[in-house]
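S.K.: For the protein sequence lines, the chains are A and B, in the order given.
My numbering puts the first sequence at residues 1 to 210.
My numbering puts the second sequence at residues 1 to 832.
Idealized CB from N, CA, C, for every residue including glycine.
A quick note: this is a predicted structure, and the numbers were derived from the prediction, not measured.
One structure follows; several queries about it will come next.
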Amino acid sequence: MNTLTGSFKGFGVTFAHMFRKVVTTDYPFSPPKPAPRYHGRHILNRHPDGLEKCIGCELCAWACPADAIYVEGGDNTDEQRFSPGERYAKIYQINYTRCIFCGLCIEACPTRSLTMSNEYELARDSRQDLIFTKKELLAPLLPGMEQPPHPMRLGETDKDYYIGALTNPGTSAGAERAPWSDQGTHDASDPADHASRPETAGPVRKEGAA
Amino acid sequence: MTDVAKRADTVTLTIDGVEVQAEKGELVIRVAERMGIAIPRFCDHPLLAPAGACRQCLVEVEGQRKPVASCTQTVAEGMVVKTQLSSPVAAKAQAGVMELLLINHPLDCPTCDKGGECPLQNQAMSTGRADSRFHEQKREYEKPIHISSQVLLDRERCVLCQRCTRFSEEIAGDKFIDLMDRSSGEQINVYRDDFFGGEGTGDGQVGEGAGDVPFNSYFSGNTVQICPVGALTGEQYRFRARPFDLVSSPTTCEHCAAGCSMRADHRRGKVLRRLAGDDPAVNEEWNCDKGRWGFRYATATDRITAPLVRDPRTGQLREASWSEALVAAAEGLRTARQRGVGVLTGGRLTVEDAYAYAKFARVVLGTNDIDFRARPVRASGSPAEITEEADFLAAAVAGISDLTYADVESAPSALIVGLEPEEECPILFLRLRKAARRGTLAVTAVAPYLSRGFEKLAAALVPAVPGDEARLLGTDPAVAAALSAPGSVLLVGERLATVPGGLSAAAALAARTGARLAWVPRRAGDRGALDTGCLPNLLPGGRPVSDPSARAELSIAWAVETGTLPSKPGRDVDQIIAAAAGGALGGLLVGAVDPGDLADPALAEQALDAVPFLVSLELRKSAVTERADVVLPVAPAVEKAGTYMDWEGRLRSFETVLRDSTAMTDGRVLEAIAALLEVSLNTGDVRSVRRELGAMPASSARPEPPAVAAGAVAEPGEHAAVLATWHQLLDLGTLLDGDEVLAGTARPPVVRIGKELAGQLRVTDGDPVTARTGRGSVTLPAAITDLPRQVVWLPTNSPGSAVRRDLGVTAGAVVRLSAGLPGPILAEGADR
Ligand code: SF4
Ligand code: SF4
Ligand code: SF4
Ligand code: FES
């Protein structure tokens, strides 16, 4: 082979790449924004009054092909109400060492309690921390929401929540996606940021990140 | 029936184009089932009478104008049946019925416990329509109402199949629930004033209205199991799991001597529910609520998880390693056995563990001082009948298993004495009731009064003042008449031991009339402990201690030198306690005994305090463990394999349910202690114990039954009465700890007195009556009952009435009675 033309060819490839769009990203300084329907970590949504939508029915756990979800139901009482109706999830865990982000659990959920956010930054330095519990999974309280347990504020019975939902669809507006996932970039070192996502509060990534 | 005769009784029909033979009178749905054709159904249950209530099982029968219900249709010669598989008519009819059933069904499967194992869900998918044409408002009811503290009813989900009401009426005889109201308001409910024009509470909850009668049946759990939808649920399992979470294991109930087969469902190392297993020979498909719901004791917070030893410096129990504790136990027993060690095993052991104790006592401790009977074993007093029960058991029970449930069911007549089947052996009660209801069995009870259980058996009563049973068995013509028909059975309970001459009279009666006799103890481990030799006069296999050839046989089996096995019958439980309290014993080895169950709890505790060295093998902290020098934790029934022997003498083996548990069986712990005392006990593995027991030659010698004369009945004076008492099924037993909702369905404790006594005391139903002895007193509301004059009945161990602890006496003793609460103002026997 002609060595001269050969090396020009090679340099030509290199040179041509200098004018192409870069594929590397400036992660973690400006994390890329995934597609709107990206399957990220889960969220347990709330009704507009703050009650949990999850009824602890375990259908997500049943649907999960990876056996990543563990749920134990509990009895709502008039004194201690976490969701409308009789049943709520006393224990809810998703094990992110197992989850394959297939979204079958989302489809199984009868109350639209379980949805997925766009968050993909799920690395942790222990397996234990990858088991997310209600504390991490529950959607943050939006304005007008109240931390359960509290009585049903939107109706007399649970039926009002479900039947009324047609005229009042805004049940988890803002919570369908993690609040931070709309900020194109975000500062992991900002302590204020940790407050809004306590489950990811970990070691600060880098000083002075953009 | 011969084969030929059978054939004459069969018919030939065609189902889905396949020709099939069936017995005359068989139901079409059963025949189809045998062929593997599943016809959807709700109300049909093989053990209940056909009802045709739900109409889900419609099939097309040629020549019939309309589809017919296959669960009520009997077969006929030449019948041509087409199920949903081959007939569009049947399929359409079934889909239509399903659509109608679902009209008012709330479809709240996600919150329903039955979801995932629900016949309605499954059959709606398999034979229902894909969509509903009903868009109107559904009928609504108050969401679940408590019909007892344990059972919840969600009327919206109910498909009115009436399995629950039919079970309660046909099988249990507790007609607490029924169809109420009319038309679209027709519903299952308990008896409540609202339905009969009275004032209800209006909110649907039961128990608040004055006339409400909660569903407090001992068998209510079976309705939860057979309800084909989630209308009946149990409080304890509510929302705890889904079927796919659960690991199901077959097991055996550890509560009573009925020996029910069960299914235990566990999740993450914890049993969440238990269901009746299907064993046609024993419990059919039923069990009692105690067996179904009484399992939380194993997860109680006071469970002992590590060995404890008493610290010589502080005198307190402290946790220790297994090796330290085992050495402490072995060394202590080595010293103690020079003066003698008594062994009390209690009635909760498996056959394998009981055998280990029996072998340990003989081989390691060199004693026959071993007794499994954690209860009064004789009437207080005279020495003549000291060994009566032990002799009776050796002569008529140990090693014998020839009377079965099936025999009881097919017997023409049963005489029951010293036994309250519904309270003490509920599945035996169901069998008796099955036969009695069919009209083939006549039940006669020798008892102080006709209890609810006996009423449900339509029993004839031979009224007996406690203590007088022996005389009645010997001389009463009604008793002899009851056993005159061939095949009759005589069922005696363990309580007869406290009647002087009672067991002798029973054995003599059986011999005289040819009736078959069975001894029905109360606890699951009793019969097994008897057959494995946990008795002062018996070695394993029913071999008499005093028989040299029996000892020689056993020496060979155990590979010990002939002549080393103790040859003198040992002390029984009362004598062991008395010896220990009197300082005559060097030590006690106690497994699973509650001193409160013994004849004299105060003396028992004194004995436990007095004995120089006390080893306790226990599950949870108890009155024994707090006094012990060494406490060794052992496995509860769910964490070990084993065998219970039911009252029939049938072996009910089971495997470990919670396999991850590291808890050890009593046999394994004893083996470890024995090893430190240079004896190889070989009881650590249930399989090797089973092999060893199986390889033992059958025992040949059988002693004569005892012949103790009937005693005299106590003579109560004014304002006093003879005490009758027995345990209620749901009471304060240790194995029911932690099951509060279950305790809520127990029968309320009452003191039962006769009319005359009530007149003397001037009390009416519900007024407090106090029974007292020198030891203490018990006060309960009165229930005026048809009792013999001068007899008072108290529950043995129910809330407010711990007879042995509070009164220090047992049945047959005289207690003094007074109206009202005990107190200084109310002098003994004083009127109100
Ligand atoms: S996304 Fe898929 S794998 Fe992950 S929890 Fe849901 S069902 Fe399971
Ligand atoms: S409660 Fe259950 S068993 Fe009883 S009638 Fe209703 S569906 Fe049938
Ligand atoms: S009848 Fe006895 S063996 Fe059967 S479930 Fe009840 S307690 Fe257990
Ligand atoms: S199963 Fe035949 S009518 Fe219910």
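1. At 3 residues or longer, and completely inside the segment 94-171 of chain B: list those beta strand (DSSP E) runs for me, N to C.
2. Consider the C-beta atom of L59(A) and the heavy atoms of ligand 1; say whether any pair is separated by less than 8 angstroms.
3. Could you please give the first and the last residue of the uninterrupted alpha helix (DSSP H) stretch that includes H266(B)?
4. Out of D468(B), V443(B), P448(B), V465(B), which one is the CA nearest neighbour of K456(B)?
5. Looking at C-alpha atoms only, which residue of G17(B), D666(B), L817(B) is the closest neighbour of F360(B)?
6. Nearer than 8 angstroms: is that true of the beta carbon of P228(B) relative to any heavy atom of ligand 2?
7. Taking Cβ positions only, does G56(A) come closer than 9 angstroms to chain B?
8. In chain order, what residues of the same chain lie with their CB nearer than 6 angstroms to the CB of D369(B), ignoring the 5 residues before and after it?
9. Does any C-beta atom of chain B lie closer than 9 angstroms to the C-beta of R177(A)?
10. Sorted by chain position, which residues of the same chain lie with C-beta nearer than 6 angstroms to A172(B)'s C-beta, five sequence neighbours on each side aside?
11. Let me know if S484(B) comes out buried or exposed under the rule of 16 or more other beta-carbons within 10 Å of its beta-carbon.
12. Any heavy atom of ligand 2 closer than 8 angstroms to the CB of A231(B)?
13. Closer than 7 angstroms by beta-carbon distance: list the chain A residues that pair up with T111(B), in chain order.
14. Any chance the CB of F42(B) is under 8 angstroms from a heavy atom of ligand 2?
15. Give the range of the alpha helix (DSSP H) segment to which P548(B) is assigned.
16. In angstroms, rounded to a whole number, what distance separates the CA positions of T440(B) and S413(B)?
17. Give a single yes or no on whether F244(B) has its beta carbon closer than 8 angstroms to a heavy atom of ligand 1.
18. Any C-beta of chain C sitting closer than 9 angstroms to the C-beta of D26(A)?
19. Which residues of the segment 100-117 of chain A have a Cβ closer than 8 angstroms to any Cβ of chain B? Give them in chain order.
20. Rounded to whole angstroms, what's the CA-CA distance from C118(B) to G230(B)? Just pull it up for me.
21. For L732(B), collect the residues of the same chain with a Cβ closer than 6 angstroms to its Cβ; drop the 5 residues on either side in sequence, then sort them by chain order.
22. Which residue comes first and which comes last in the alpha helix (DSSP H) that contains S410(B)?
23. Cβ of D391(B) within 9 angstroms of Cβ of G487(B)?
24. Taking buried to mean at least 16 other C-beta atoms within 10 Å of its own C-beta, is L794(B) buried or exposed?
25. Could you tell me which residues DSSP pairs with L517(B) in its beta bridges?
26. Can you tell me where the alpha helix (DSSP H) with P477(B) in it begins and where it stops?
27. To the nearest angstrom, report how far apart G174(A) and N104(B) are at their CA atoms.
28. Have a look at the DSSP bridge pairing and note the partners of V309(B).
29. By a C-beta neighbour count over all protein chains shown, 10 Å radius and 16 as the cutoff for buried, is F15(A) buried or exposed?
30. Check each candidate in G340(B), P544(B), E60(B) and name the one with the smallest Cα separation from S87(B).
31. Tell me the DSSP secondary structure of D765(B) in three-state form.
32. Flag this pair as yes or no: are the beta carbons of Y297(B) and L619(B) separated by less than 9 angstroms?
33. Expressed to the nearest angstrom, what Euclidean distance is found between the alpha-carbon atoms of L122(A) and A264(B)?
34. Which residues of the segment 138-162 of chain B have a Cβ closer than 8 angstroms to any Cβ of chain A? Give them in chain order.
35. Are there any heavy atoms of ligand 4 lying less than 8 angstroms away from the beta-carbon of R30(B), as far as the coordinates show?
36. Taking a Cβ distance cut-off of 8 angstroms, strictly less, list which residues of the segment 233-259 of chain B are near chain A, in chain order.
M.R.: In this structure, then:
1. List check, beta strand (DSSP E) in window: 151-153.
2. no
3. No alpha helix (DSSP H) holds H266(B); the beta strand (DSSP E) holding it covers 261-267.
4. V443(B)
5. D666(B)
6. yes
7. yes
8. For D369(B), where only same-chain residues beyond five positions count, the Cβ hits under 6 angstroms are G342, G570, R571, I576.
9. For R177(A), the predicted structure reports a pLDDT of 45, less than 50, and the residue's modelled location is therefore unreliable. The matter cannot be settled from this model.
10. S217, F219
11. exposed
12. Within the cutoff, so yes.
13. I55, C57, G85, E86, R87
14. yes
15. 548-558
16. Rounded to the nearest angstrom, the two C-alpha atoms are 8 angstroms apart.
17. Not under cutoff, so the answer is no.
18. Absence of chain C from the displayed structure is noted, the protein chains being A and B.
19. Those residues of the segment 100-117 of chain A that come within reach of chain B (Cβ to Cβ, closer than 8 angstroms) are P110, T111.
20. Straight-line Cα distance between these residues: approximately 7 angstroms.
21. N797
22. It spans 405-410 - the alpha helix (DSSP H) in which S410(B) sits, taken as one unbroken run.
23. Contact check for D391(B) against G487(B) fails: the beta carbons are separated by 9 angstroms or more.
24. Counting other Cβ atoms within 10 Å of its Cβ, L794(B) reaches 16 or more and is therefore classed as buried.
25. In DSSP, L517(B) forms a bridge with L490(B).
26. Looking at the DSSP string, the run of the alpha helix (DSSP H) that includes P477(B) is 477-482.
27. Low confidence applies to G174(A): its pLDDT is 45, below 50, so where it sits in the model is not reliable enough to give any reading.
28. R318(B), V630(B)
29. exposed
30. Comparing Cα-Cα distances from S87(B) to each of G340(B), P544(B), E60(B), the minimum goes to E60(B).
31. Per DSSP, reduced to three states, the secondary structure at D765(B) is coil, with no helix or strand assignment.
32. With contacts defined by Cβ atoms closer than 9 angstroms, Y297(B) and L619(B) form a contacting pair.
33. 39 angstroms
34. K143, P144
35. no
36. Close to chain A, meaning a Cβ-Cβ distance shorter than 8 angstroms, are the following residues of the segment 233-259 of chain B: R238, F239, R240, A241, R242, F244, D245.
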